[in-house]
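Chemist:
In structure tokens form, the structure reads like this:
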């Protein structure tokens, strides 16, 4: 437990020391989402901005007014409103993939990583991260897919019971198990991502292997830390919705925006915290491991590209 | 005129009178004879005399096996021939035969949709049947051989939901005939609000039910995916035998419960002035009872809950009691001694009405601010009036039950839970039942008239949107024309005048005209019989300085003279007079009236203020207008609503983005 707390503390320390990444990612997240609303604004504005009936959506939120709005031919289709956002959601994920090596470089460094180094690290690891993401998908999709199938079968079986709540409990427990399994896979690949950056590892399969071995040996510590952070993110969600409901008047767009964005920043912090936990764990446990030191030799030399600064600053 | 001719006329008149007298005394004689065959009991109602003209008396003895969901029954049906003519053919509904793959019900459900079943793949558990083993007619012998399925509505020879018996000799007008029917049921897994689910059974539409002689012909339609029921009033004496662990509820009053040596028990129920009989059984029901003091006498309220929903019992009992109070106060007395509210297992049996017996619809997670259970209980209880007592033909004029009931549902839920909050009031979301009804209608506004036969609608959505939503919106709009009190009085008069009589569209519309003293045919023709769509818009508004031509036309508030105009356009083909409210930027408000006859109109003003806004129907009494957003226009633009929507969408997109990158990257 103490080790887990130490890990959480070390991770949080890394996040706290580097708030600029949070700000960048939050701004990126917000900007992409804002662009995603342009279609909605374009369709809704001519109808709502001069209509007194729009009050149904301002001083209260009447869902039937939204249904009515969508049924008006001039407002276009709901798919037309939402499709840009789906693309931009994917774009945010891709951008995160692209920029994460730089973030992890910082989380594993004692010094402030320069902008130049940040982007060089990102560029150098781009295809490695793409390969990692593909391997992740090959593992995570079948495993979680299978777990969902098992869960569905168990719920269907439980549904034969007379008690209506029994399948609900089974389904809930099933979701918890899937969450834990998915989190474990996420930890595995978070460690692999750190390994790729720190060791400048071109053979990502080795990083995947190393991540798996260390997850297996320290799964309790790591999973515990990740779950604690996830629970905090859940608390943020519940508290945010509660505050939104209690504090923000229906007509206050700014109030809703403020609460929503605080939630967004906190969620981003939670995920960055998890990554920082992985980075701290890596620096403490994996980097010094003899097996790695042995394997590190031929791969630490930078064969191509610009020189990369020291992996770990002397301390 | 010559004497001989007058004599012929006099002779003819005398013969006519004598003949008519002879006929009427024969009919009266026959009727008095028939009256002795239908019990004049009143033990299930708070009245000392029968309330309906009783046509049928069903005495049914049923044995139900909950293991295989099969029922064996013997039915003794006494039918009074009040048709005024001899009858030798008698059609019977066999509703459970609808749940067979080639039945019309399933065909239509697959093509048009239903409330909760898709039938994409046939499952054996969904099979249901109601099979007549034998029919004997008292005094005429066995007529089983004459039985044959008929399809009055389509050419589907595989549909077995109506069977016809041919008698060896006709039943004279005014006489009674007694059928002794042996039948066997296979209940399906719950669908269309009948059947079983796990240990729960809802026995609805489970026995051979004779058609209705109506307007000179038998009215006995096949069971369709969008239709409900129509039957004659009478007396029901029903015995149900089932295992002793079953907790049972049923239409009517419980007369006795006897334990049998074989581990079963036999419950006997009696119903007066009802036209159907349903029952339910489950070993796990938890039951609460209370007595409501009605205007005609005490009413026993029985609430049967699933054990997992027991915490919601008080919520169910409360809305049932409140609904009863409102109906008695506004529309008329509830004469029955019982009302049973059943919380079924699963949604397939939820939200259904049978005489003195309704099913609710809730879930274990139902939060306080979501009034689904209240809505369903109110709605199903309302059917006790429009389906149960007024008893219109649900096959042919579904709106007169479902629609009128949706209207009264809006009124009562408005009063109990608030106009804007009667369906949802949580997390900043609010919606009233009138909004929900209208939302169901606006998407299907131009498909079907309300008067279309239920199985002939374009789709299940159109049937629902028009029958429920449009009717409620039509009557709410009518309320704006004749006044809320007058409308309530019209509903009361209609109920009191036509209860237990099977009225038609014109009976209702004439009543509204009579009570209101207004000619409303133009409205009814468009709204009830037509598919005209109402859509008014404020097309433009603006103000311009009358001295615009001056070289330096300075504008000064309160001094500059403006020429303002507001143009209102009738986009739809529904002609309806409307009020228009025009507001000026000095706070002045002008009210205009437009008869809506032309396609557009323009209101012009010369004032020392600019027009600020214009609104059609400022009191929001018109619920039929398909698009309320264009009913008003403001000179100044306000993007708050757009920004709020956009902000919601930003939040959702950000959440989705973060979720994706959390797990994928």
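Chains as they are written, first to last, in the working numbering: chain L, 781 to 1095; chain R, 7 to 671. Even for Gly, the Cβ is constructed at its ideal location relative to N, Cα and C. Just so it is clear, the structure is predicted and the values come from calculations on it, not from any experiment.
Which full runs of the beta strand (DSSP E) of 3+ residues lie inside the stretch 536-621 of chain R, going along the chain?
Modeler: 542-551, 568-576, 584-590, 595-600 and 606-613
Chemist: Going along the chain, which residues of the stretch 309-336 of chain R sit with their C-beta nearer than 9 Å to a C-beta in chain L?
Modeler: 312, 313, 314 and 315
Chemist: Please list the terminal residues of the continuous alpha helix (DSSP H) segment that includes residue 1044(L).
Modeler: Start and end: 1033-1061.
Chemist: On the DSSP bridge assignment, give the partners of residue 308(R) in chain order.
Modeler: 295(R) and 346(R)
Chemist: If you draw a straight line from the alpha carbon of residue 794(L) to that of residue 1029(L), how long is it in whole angstroms?
Modeler: 37 Å
Chemist: Within its chain, find whatever has a CB closer than 8 Å to the CB of residue 1059(L); leave out the 5 residues flanking it on each side and keep chain order.
Modeler: 791, 794, 884, 887, 888 and 974
Chemist: Where in the stretch 801-881 of chain L do unbroken runs of the beta strand (DSSP E), each at least 3 residues long, occur, reported from the N-terminal end onward?
Modeler: none
Chemist: Does the stretch 436-452 of chain R come into contact with the stretch 405-417 of chain R, if we say contact requires no fewer than three beta-carbon pairs (one atom in each stretch) closer than 8 Å?
Modeler: Result yes; three or more Cβ-Cβ pairs closer than 8 Å.
Chemist: Quick one: grab the DSSP three-state call for residue 432(R).
Modeler: Under the three-state reduction of DSSP output, residue 432(R) falls in the strand class.
Chemist: In three-state terms, what does DSSP make of residue 1009(L)?
Modeler: helix
Chemist: Identify each residue in the stretch 822-834 of chain L for which the Cβ-Cβ distance to at least one residue of chain R is less than 9 Å, and report them in chain order.
Modeler: 824, 825, 827, 828, 829, 830, 831, 832, 833 and 834
Chemist: Residues of the stretch 99-124 of chain R in Cβ contact with chain L at a cutoff of 7 Å, in chain order, please.
Modeler: none
Chemist: Less than 8 Å between the CB atoms is what I'm expecting for residue 446(R) and residue 362(R), so what's the real figure, rounded?
Modeler: The beta-carbon separation of residue 446(R) and residue 362(R), rounded to 28 Å, does not stay under the 8 Å limit for a contact.
Chemist: Could you pull the DSSP bridge partners for residue 242(R) from this structure?
Modeler: The bridge partners DSSP lists for residue 242(R) are 64(R) and 277(R).
Chemist: Which residues, taken in chain order from the stretch 929-945 of chain L, show a beta carbon closer than 7 Å to some beta carbon of chain R?
Modeler: 942, 943, 944 and 945
Chemist: Cβ closer than 7 Å: which chain R residues qualify as neighbours of residue 842(L)?
Modeler: Result: 436, 437 and 441.
Chemist: Just verifying my parser: in three-state terms, what is the DSSP assignment at residue 287(R)?
Modeler: The three-state reading of DSSP puts residue 287(R) in strand, counting E and B together.
Chemist: Since residue 234(R) and residue 485(R) are thought to touch, with beta carbons under 8 Å apart, how far apart are those beta carbons, to the nearest angstrom?
Modeler: Rounded, the Cβ-Cβ distance is 26 Å, inconsistent with contact.
Chemist: Return the bridge partner residues of residue 219(R) from the DSSP annotation.
Modeler: Beta-bridge pairing links residue 219(R) to 224(R).
Chemist: Within 10 angstroms of the Cβ of residue 823(L), are there 16 or more other Cβ atoms? Answer buried if so, exposed if not.
Modeler: buried
Chemist: Would residue 37(R) count as contacting chain L if we go by Cβ distances under 8 Å?
Modeler: Residue confidence for residue 37(R) is low, a pLDDT of 39 falling below 50, so the modelled location carries little weight; the figure read from the coordinates is stated next. Cβ-Cβ to chain L under 8 Å: no for residue 37(R).
Chemist: Do you know how far the Cα of residue 834(L) is from the Cα of residue 296(R)?
Modeler: 45 Å
Chemist: Nearest CA to the CA of residue 1024(L): which residue from 630(R), 475(R), 653(R) and 109(R)?
Modeler: When each option's Cα is compared against that of residue 1024(L), the closest is 653(R).
Chemist: DSSP on residue 167(R), reduced to helix/strand/coil?
Modeler: coil
Chemist: What number of angstroms, rounded off, separates the C-alpha of residue 810(L) from the C-alpha of residue 625(R)?
Modeler: 41 Å
Chemist: Per DSSP, residue 205(R) forms a beta bridge with which residues?
Modeler: According to DSSP, which records beta bridges pairwise, residue 205(R) is partnered with nothing at all.
Chemist: According to the Cβ coordinates, are residue 1005(L) and residue 1057(L) closer than 8 Å?
Modeler: yes
Chemist: Could you tell me whether the Cβ atoms of residue 1048(L) and residue 802(L) are closer together than 8 Å?
Modeler: yes
Chemist: Can you say whether residue 31(R) is buried or exposed, counting buried as having 16 or more other CB atoms within 10 angstroms of its CB?
Modeler: With a pLDDT of 41 at residue 31(R), under the threshold of 50, the predicted position of this residue should be treated as unreliable, though the coordinate-derived value follows. With fewer than 16 Cβ atoms within 10 Å of its Cβ, residue 31(R) is classed as exposed.
Chemist: Mark residue 1026(L) as exposed unless 16 or more other C-beta atoms lie within 10 angstroms of its C-beta, in which case mark it buried.
Modeler: exposed
Chemist: Rounded to the nearest angstrom, how far is the Cβ of residue 473(R) from that of residue 397(R), given a contact under 8 Å?
Modeler: Contact doesn't hold; Cβ gap of about 17 Å is too wide.
Chemist: When burial is assigned at 16 or more other CB atoms within 10 Å of the CB, is residue 250(R) buried or exposed?
Modeler: exposed
Chemist: Is the Cβ of residue 888(L) closer than 8 Å to any Cβ of chain R?
Modeler: no
Chemist: Just by C-beta distance, which residues in the stretch 420-434 of chain R are closer than 8 Å to chain L?
Modeler: 426, 430, 433 and 434
Chemist: So residue 330(R) is in the alpha helix (DSSP H); what residue range does that whole segment cover?
Modeler: 319-336
Chemist: Should the stretch 308-325 of chain R be regarded as contacting the stretch 949-961 of chain L, the criterion being three or more beta carbon pairs within less than 8 Å?
Modeler: no
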